[in-house]
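Residue numbers (my numbering): 16 to 159. Glycine included, each C-beta is placed from N, C-alpha and C at the ideal position. Here the structure is a predicted model, which means the values were calculated and not measured.
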């Protein structure tokens with residue numbers, strides 16, 4: 016795993032490459048029983064399910080990204096261990112308060128938005144959707 020990965024640059028204490036490792040097993044090994052919380056940003060069904068399995072009993076998964084249908088067995092994946100699944104739309108914040116805060120944090124160097132987004136010209140909008148669906152980018156932004 017490269018030391019200069021985006022996760023490491025953003026302060027992650029552990030980095031897991033799901034293509035090379037069983038992410039759920041590694042998370043449970045690191046945490047003991049699973050994470051308290053998982054924030055899932057890709058919206059890719061298989062990764063959402065991984066996030067659900069990676070949280071401990073009574074853990075919470077917040078889904079920020081959404082790219083299509085997600086199939087869960089509510090009884091087995093959530094209820095059996097009291098897990099919660101919440102959807103987050105636009106941060107569920109008050110824009111008049113939250114946007115100025117984000118701008119302030121960005122100016123202070125505490126919100127590295129440039130490392131979280133990838134810009135695409137309008138002509139490449141289909142590629143932006145494909146990259147989002149595959150998890151290649153965190154947040155695609157189409158520039159018009």
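Q) Who are the Cβ neighbours of residue 126 in its own chain at under 7 Å, not counting the five residues just before and after it? A) The residue labelled residue 126 in the question sits at position 111 within the chain shown. Excluding sequence neighbours, residue 126 sits near 117, 120.
Q) If you compare alpha carbons, which of 98, 71, 42, 55 is closest to residue 154? A) Within the chain shown, numbered from 1, the residue matching residue 154 stands at position 139. Residue 55 holds the alpha-carbon nearest to the alpha-carbon of residue 154 among 98, 71, 42, 55.
**Q.** Touching by the beta-carbon criterion (3+ pairs, under 8 Å), the segment 123-137 and the segment 77-93
**A.** Cβ pair count under 8 Å is below three, so no.
Q) residue 218: buried (16+ other C-beta within 10 angstroms of its C-beta) or exposed? A) In the structure as shown, the chain begins at 16 and stops at 159. Residue 218 is therefore absent and cannot be evaluated.
**Q.** Exposure of residue 74, with buried meaning 16 or more beta-carbon neighbours within 10 Å
**A.** Looking up residue 74 in the chain shown gives position 59. Counting Cβ neighbours within 10 Å, residue 74 comes out buried, since at least 16 surround it.
Q: Go ahead and pull the three-state DSSP assignment for residue 36.
A: For the purposes of this step, residue 36 is taken as the residue at position 21 of the chain shown. The answer is coil: DSSP assigns residue 36 none of H, G, I, E or B.
Q: Grab me the residues of residue 97's own chain with a C-beta within less than 8 Å of its C-beta, minus the 5 sequence neighbours each way, in chain order.
A: Walking along the chain shown from the start, residue 97 turns up at place 82. The residues 72, 73, in chain order, have a CB closer than 8 Å to that of residue 97 in the same chain once the five nearest residues on each side in sequence are set aside.
Q. Under a three-way DSSP split, which group does residue 117 fall into?
A. The sequence position of residue 117 within the chain shown is 102, counting from 1. DSSP, reduced to helix, strand and coil, places residue 117 within a helical segment of the structure shown.
**Q.** Neighbourhood of residue 26 by C-beta, 7 Å cutoff - its chain only, sequence neighbours within 5 removed
**A.** Here residue 26 refers to the residue found at position 11 when the chain shown is read from its first residue. None.
Q) Could you give the residue range of the beta strand (DSSP E) that holds residue 127? A) Position 112 of the chain shown holds residue 127. Counting along the chain, residue 127 falls outside any beta strand (DSSP E), and DSSP gives it neither H nor E.
Q: Could you check the C-alpha separation between residue 48 and residue 151 for me, to the nearest Å?
A: Here residue 48 is taken as the residue at index 33 of the chain shown, counted from 1. Here residue 151 is taken as the residue at index 136 of the chain shown, counted from 1. Our two residues, residue 48 and residue 151, have alpha carbons roughly 28 Å apart in a direct line.
Q: Given a cut-off of 8 Å, decide if residue 39 and residue 53 are closer than it, judged by their beta-carbon atoms.
A: The sequence position of residue 53 within the chain shown is 38, counting from 1. The sequence position of residue 39 within the chain shown is 24, counting from 1. Against a cut-off of 8 Å, the Cβ pair of residue 39 and residue 53 comes out as no contact.
Q. In the structure shown, what three-state DSSP assignment does residue 23 receive?
A. As a first step, residue 23 must be located in the chain shown, where it is residue number 8. In this structure, residue 23 counts as helix in the three-state DSSP scheme.
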